[in-house]
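Asker: Pasting a structure here, questions to come.
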Amino acid sequence: MDADSLWFNGHALTMGEAGVVRDAAIAVRGGRIAWVGPRAAMPDIRAAEEHDLEGRWVTPGLIDAHTHLVFGGNRAHEFEMRLEGASYEEIARAGGGIVSTVKATRAAGAEELAASAARRLERLLAEGVTVVEVKSGYGLDLESERAMLRAARALGERYPVTVRTTCLAAHAVAPEYAGRADAYVDLVCGEILPALAAEGLVDAVDAFCERIAFSPEQTARVFDAAKALGLPVKLHADQLSDGGGAALAARYGALSADHLEHTSEEGVRAMAAAGTVAMLLPGAFYLLRETKLPPVELFRRHGVPMAVATDCNPGTSPAVSLLLMLNMACTLFRLTPMEALAGVTRNAARALGMHATHGTLEAGKAADFAAWDVGHPAELCYWLGANPCARVVKDGRAVA
Ligand code: NIG
Ligand code: FE
Numbered sequence: 001m002d003a004d005s006l007w008f009n010g011h012a013l014t015m016g017e018a019g020v021v022r023d024a025a026i027a028v029r030g031g032r033i034a035w036v037g038p039r040a041a042m043p044d045i046r047a048a049e050e051h052d053l054e055g056r057w058v059t060p061g062l063i064d065a066h067t068h069l070v071f072g073g074n075r076a077h078e079f080e081m082r083l084e085g086a087s088y089e090e091i092a093r094a095g096g097g098i099v100s101t102v103k104a105t106r107a108a109g110a111e112e113l114a115a116s117a118a119r120r121l122e123r124l125l126a127e128g129v130t131v132v133e134v135k136s137g138y139g140l141d142l143e144s145e146r147a148m149l150r151a152a153r154a155l156g157e158r159y160p161v162t163v164r165t166t167c168l169a170a171h172a173v174a175p176e177y178a179g180r181a182d183a184y185v186d187l188v189c190g191e192i193l194p195a196l197a198a199e200g201l202v203d204a205v206d207a208f209c210e211r212i213a214f215s216p217e218q219t220a221r222v223f224d225a226a227k228a229l230g231l232p233v234k235l236h237a238d239q240l241s242d243g244g245g246a247a248l249a250a251r252y253g254a255l256s257a258d259h260l261e262h263t264s265e266e267g268v269r270a271m272a273a274a275g276t277v278a279m280l281l282p283g284a285f286y287l288l289r290e291t292k293l294p295p296v297e298l299f300r301r302h303g304v305p306m307a308v309a310t311d312c313n314p315g316t317s318p319a320v321s322l323l324l325m326l327n328m329a330c331t332l333f334r335l336t337p338m339e340a341l342a343g344v345t346r347n348a349a350r351a352l353g354m355h356a357t358h359g360t361l362e363a364g365k366a367a368d369f370a371a372w373d374v375g376h377p378a379e380l381c382y383w384l385g386a387n388p389c390a391r392v393v394k395d396g397r398a399v400a
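The numbering used here puts the sequence shown at residues 1 to 400.
As structure tokens, then:
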């Protein structure tokens, strides 16, 4: 077999059926994995380039499947207010929170938006991230939502990363519509979503279903609009209270339901039946100093796949390290290191509807992988503030 490149002398944590392959070889052709397995069993492969992995561990490229990477300003001041006793909900009700970032995002020029998002993205990429989901939701009008999604897509042109864009116009009620949430939902469903979808800027549709955001009925209207446009949905669900968000997401066959600290067993069952991924966001749990844990044991018992992401955003999770989220998923949520690693690879791909092409090291999948200077994969969840990422391959190309 002819290959563009051959990577050998590494241990592969495939995250697929092959599990761990010691002393593995990975052959790449046309940006995809052509063959992966034990070097001793390798067929005859003539590769244009050969790369020695020097005994490192290799994983699929990491996937950060829930971020709000594009935003203006920051909310360090609200962080201080919370430390002095104010709650996230109180700050939001007083006109701060998401709406304060909306003002900063609208005020930022396209260049500034792109530059600050690029700085954050660079931190993620340095840790072996090869796919990132980016949400809008700090524009809340057609023009500003479009600017956010364009900024996100532009990152994918400029950096070796696959960017998936999610329209989160139903993140908060736009300031112009204060007190008129239903009218704002009309705008989202009747104008913002159809226009941005027609421009090809939307891979999925998200909403924030919560007391301080949209009701289940309003969320359902947004989902109906998404379905009418043929777009998959996901949901910020049950983060601060149990509003039945997980079950609602499942009812619409959502790719994922996210946060889920307050989700009931009924919600978990509905997710299991629908194949909806549980997206765990330990950075937000940590920064808001939450005490109610997501029902991890129920996800296990009912076979709901769990993913882990940074939720990088200026309000609840100013996180630019997916490795730190692995640690928090283990320490705070009691995931095993292997569960956490599945959460940023195989299950993260599923949460984006990309599991046919990404998330595992298997023949036919995208040749996205990272090589790590660790003695055991659990170390990826163990170190705090270290970055053992040594090499990154994106679509078959060595990019770090
Ligand atoms: O994922 N919960 C809603 N959305 C974001 C936070 C947004 C913000 O506070 O700016 C989240 O936690
Ligand atoms: Fe979020």
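Positions of the beta carbon are idealized from the N, C-alpha and C atoms, including for glycine.
State the Cα-Cα distance for the pair Cys-381 and Arg-180, rounded to the nearest angstrom.
Answerer: If I take the Cα positions, the gap works out to 45 angstroms.
Asker: Of all the options Arg-158, Ser-100 and Glu-362, which has the alpha carbon lying nearest to the alpha carbon of Tyr-138?
Answerer: The candidate whose alpha carbon is nearest that of Tyr-138 is Ser-100.
Asker: Which residues share a DSSP beta bridge with Leu-62?
Answerer: DSSP output for Leu-62 lists Val-129 as bridge partner(s).
Asker: Taking all protein chains shown into account, decide if Pro-377 is buried (16 or more other Cβ within 10 angstroms of its Cβ) or exposed.
Answerer: Classification of Pro-377: buried, given that the 10 Å Cβ count is 16 or more.
Asker: Alpha carbon to alpha carbon, what distance is there between Phe-214 and Ala-329?
Answerer: Those two C-alpha atoms are separated by around 27 angstroms.
Asker: Just tell me which of Leu-6, Ala-27, Val-36 and Val-392 has its CA closest to the CA of Gly-19.
Answerer: Minimum Cα distance to Gly-19 is reached at Val-36.
Asker: For Val-185, which residues of its own chain have a beta-carbon under 6 angstroms away from its beta-carbon, when the five flanking residues on both sides are left out?
Answerer: If we look at Val-185 and ignore the five residues flanking it on each side, its Cβ neighbours are Gln-218 and Arg-221.
Asker: At what residues does the alpha helix (DSSP H) containing Pro-314 begin and finish?
Answerer: Note, Pro-314: premise wrong, no alpha helix (DSSP H); not H, not E.
Asker: May I ask which residues mark the beginning and end of the alpha helix (DSSP H) holding Glu-379?
Answerer: 379 to 382 is the extent of the alpha helix (DSSP H) around Glu-379.
Asker: Mind the definition here: the segment 308 to 321 touches the segment 74 to 87 only if three or more C-beta pairs lie below 8 angstroms; say whether that holds.
Answerer: Yes, since at least three Cβ pairs between the segment 308 to 321 and the segment 74 to 87 fall closer than 8 angstroms, the two stretches touch.
Asker: Report the residue from Arg-153, Leu-231 and Arg-29 whose alpha carbon sits nearest the alpha carbon of Cys-189.
Answerer: Comparing Cα-Cα distances from Cys-189 to each of Arg-153, Leu-231 and Arg-29, the minimum goes to Leu-231.
Asker: Is it true that the segment 90 to 98 meets the segment 118 to 134, where meeting means three or more beta-carbon pairs spaced less than 8 angstroms apart?
Answerer: Because the criterion of three Cβ pairs below 8 angstroms is not met, the segment 90 to 98 and the segment 118 to 134 do not touch.
Asker: Rounded to the nearest angstrom, what separates Pro-388 and Thr-166 at their Cα positions?
Answerer: Taking the straight line from one Cα to the other gives about 30 angstroms.
Asker: Residue range of the beta strand (DSSP E) that Thr-357 falls in?
Answerer: Premise fails: Thr-357 is in no beta strand (DSSP E) and is neither H nor E.
Asker: Buried or exposed for Glu-143, please, with buried defined as at least 16 other CB atoms from any protein chain shown within 10 angstroms of its CB.
Answerer: Burial call: exposed.
Asker: Hey, is Asp-238 close to the ligand FE, as in C-beta under 6 angstroms from one of its heavy atoms?
Answerer: Asp-238 Cβ: outside cutoff for every heavy atom of the ligand FE.
Asker: For Lys-135, does the three-state DSSP call read helix, strand or coil?
Answerer: It is a strand residue.
Asker: Taking the alpha carbon of Met-306 as the point to measure from, which residue in Trp-383, Pro-295, His-262 and Cys-312 has its own alpha carbon closest?
Answerer: It is Pro-295.
Asker: What residue range is occupied by the uninterrupted beta strand (DSSP E) comprising His-171?
Answerer: His-171 -> no beta strand (DSSP E), and no H or E assigned at all.
Asker: With three or more beta-carbon pairs closer than 8 angstroms as the criterion, would you say the segment 197 to 205 touches the segment 153 to 165?
Answerer: Enough Cβ pairs lie closer than 8 angstroms, so yes.
Asker: Is Ala-284 near the ligand NIG, going by C-beta to nearest heavy atom under 6 angstroms?
Answerer: Checking the Cβ of Ala-284 against the ligand NIG gives yes.
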